[in-house]
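Written below as structure tokens is the structure these notes are about.
Residue numbers (the working numbering): 1054 to 1106.
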């Protein structure tokens, strides 16, 4: 993940947190963004493995 992608992730987290009205909502928002990042990394790994095969 490059620097620009990290900035985008942080911006998304901040936007989601601003809408939270409780600690639990904020935690869910952060977990949602982390799941998206993890999914994206998995997709990139599959693409790279596909190139090798």
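Note that CB positions come from ideal geometry on N, CA and C, so glycine has one too.
Local conformation of residue 1103 per DSSP, three classes: When DSSP states are grouped into helix, strand and coil, residue 1103 belongs to the helix group.
Per-residue burial, residue 1082 [other beta carbons within 10 Å of its own, 16 or more giving buried]: Buried, since its Cβ has 16 or more Cβ neighbours within 10 Å.
Got a sec, what are the start and stop residues for the alpha helix (DSSP H) residue 1072 sits in? It is not in any alpha helix (DSSP H) - residue 1072 carries neither H nor E in the DSSP assignment.
Quick one: what's got a C-beta closer than 7 Å to residue 1079's C-beta in the same chain, skipping five residues either side? Contacts found: 1070 and 1073.
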